[in-house]
Amino acid sequence: MIKMIIAVSDLHLRDPASNKKGFISFIEEFLKPNCNEMTDLVLLGDILDLWRRNSALVILENLDILNNVCDLGFHVHYIIGNHDFIMKDYSLGRDDRKIPVGLTCDPENVTFGDVQVLYNDGKKFRFIHGHQMDYWYTLPFYEAFARAMCDVTKEVEELSSVWKVLHRQEEGFSSFISKRIQEFSDEWRAQIDRKLAGPLVGHSGTVEESRIEEYNLLGHMIEFKGFPYNSLKALREEIHALSLESKNFPMIPGLKDMGTLTHNNQFEELATSFLIVWKEVFQWMSINKDSRNQDLMKLVRKLQRVAAIFSSDLHQDEFLIHGHGHNGHVDYANSMADSGCWIEDKASFIKIDDGKVSCTPWPIR
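By the working numbering, the letter at position 190 of the sequence shown is numbered 1335, and the numbering carries on one by one without gaps.
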């Protein structure tokens, strides 16, 4: 019998909105009774919420939960999210730390990283947090910002501290990003703070409005060089497939223009063409709020899948499992699934069993 893979994300421990009580019941009533039927548990990022908090203290306060899941016998993969980005230090072994101090499990049984690829029943699954899809066109800057948000200490907890931290970390950035950060006005920085570092719940506006607002703020931080791509052939094929959607979405002119791209186009040209379509789709949706339908949402998920190819080296034969969206669902047509979140009264998890993917609410109903 093939054992299952379980994935959860966006618990946001330490944030007042975290459904910590629900997750503890999930450990006791699902993970522990089923531990012998599992090969892997994937923690899909934002398990801890370290933004503008004392990271060491938050980790210490929640070691009991991490130890609980890491001691059950299956392998635990901690995928780095934007709100716990500093956990990436453990995957890099910085300061001779392989796992957080106080984590009692076998170090060989837990891994930290940006991405994990696992197999189940011969099928291939790629796990990422998901912020890589929203910010694919400006990922180097966004992840620098996310890390700085996690790097707060008691001495720099005021609102503007993220920019002080970014300046201290400048030597790790490209010259392009360093120059752009130095050029930001105080007002521009305040706008980025408000948009990217707002409250976890209670957002006003739609998702598509947020995508356009973010693009307007971050569009001049675009840096395509250094993206982790292995196959231009796969990108070209996916871009061509997207261009065929132009007949269904004539209000998105960039889709038709994609059809003129040739097999000689290089990575930056493909990315630029895709970014035009990305922007056009979300602009149209933000203006025509009453026109959202199932076909349009399928197009959005196709865009997300291509964004994951650009930013996370997603392969064409892989089923993508992610979090970040806080909206649990499985999209079989586009081979991708969102594990949902554990915020307020929300709770859900992904189960991969016999190669099949399901998203299930908790408690199971």
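Where a beta carbon is used, it is the ideal one built from N, C-alpha and C, also for glycine.
Model, not experiment: these values are computed from the prediction.
With burial defined as no fewer than 16 other Cβ atoms inside 10 Å of the residue's Cβ, what is the status of residue i: buried or exposed?
i: K1434; result: exposed
i: S1305; result: Legend: pLDDT at S1305 = 46, less than 50; position of this residue unreliable, value from coordinates given subsequently. By the neighbour-count rule (16 or more Cβ atoms within 10 Å), S1305 is not buried but exposed.
i: L1345; result: buried
i: D1490; result: exposed
i: M1396; result: exposed
i: L1400; result: buried
i: G1470; result: buried
i: E1316; result: exposed
i: K1233; result: buried
i: L1448; result: buried
i: L1193; result: buried
i: L1420; result: buried
i: W1423; result: buried
i: N1164; result: buried
i: Y1280; result: buried
i: A1478; result: exposed
i: E1463; result: buried
i: G1275; result: buried
i: A1482; result: buried
i: P1161; result: exposed
i: E1182; result: exposed
i: P1245; result: buried
So who's on the other strand from residue i, going by DSSP bridges?
i: I1224; result: G1258
i: F1494; result: T1505
i: M1183; result: M1149
i: I1466; result: F1272 and A1482
i: V1588; result: No information on residue 1588 is available, as it lies outside the stretch 1146 to 1510 that the chain covers here.
i: I1488; result: S1163
i: Y1264; result: K1269
i: L1400; result: L1400 pairs with nothing; no bridge assigned.
i: L1188; result: V1153 and Y1223
i: L1158; result: L1193
Are the beta-carbon atoms of residue i and residue j separated by less than 8 Å?
i: S1457; j: I1231; result: no
i: M1403; j: L1387; result: yes
i: F1415; j: I1466; result: Reading off the sequence, residue 1415 comes out as Leu, not Phe. For L1415 and I1466, no; Cβs fall outside 8 Å.
i: D1191; j: D1216; result: no
i: F1270; j: V1262; result: yes
i: N1227; j: L1158; result: no
i: H1222; j: T1184; result: no
i: Q1314; j: A1293; result: yes
i: N1265; j: I1497; result: yes
i: C1295; j: L1186; result: no
Roughly how many angstroms lie between the CA atoms of residue i and residue j, to the nearest whole one?
i: D1241; j: Y1235; result: Below a pLDDT of 50, predicted positions are generally treated as unreliable, and D1241, at 48, falls in that range; the measurement from the model is reported next regardless. Taking the straight line from one Cα to the other gives about 9 Å.
i: C1504; j: H1460; result: 22 Å
i: V1153; j: S1330; result: 39 Å
i: M1149; j: N1472; result: 22 Å
i: I1225; j: E1390; result: 33 Å
i: C1486; j: G1468; result: 7 Å
i: W1308; j: R1197; result: 12 Å
i: K1501; j: G1350; result: 34 Å
i: S1418; j: H1312; result: 32 Å
Taking 8 Å as the CB-CB limit, is residue i close to chain C?
i: A1342; result: Among the protein chains of the structure shown there is no chain C, as only one such chain exists.
The ligand ADP and residue i: does any heavy atom of the ligand fall closer than 7 Å to the residue's C-beta?
i: I1224; result: With respect to the ligand ADP, the structure shown offers nothing to examine, as it has no ligands at all.
- Query: Would you say the segment 1271-1288 touches the segment 1357-1367, given that touching needs at least three Cβ pairs under 8 Å?
  - Reply: yes
- Message: Measuring CB atoms only, is the segment 1407-1415 touching the segment 1440-1449, in the sense that at least three cross pairs come out at less than 8 Å?
- Response: no
- Message: For the segment 1330-1339 against the segment 1251-1268, do three or more pairs of beta-carbon atoms, one drawn from each stretch, fall closer than 8 Å, so that the two count as touching?
- Response: no
- Determine, using beta-carbon pairs with one atom in the segment 1196-1205 and one in the segment 1163-1183, whether at least three such pairs fall under 8 Å. no
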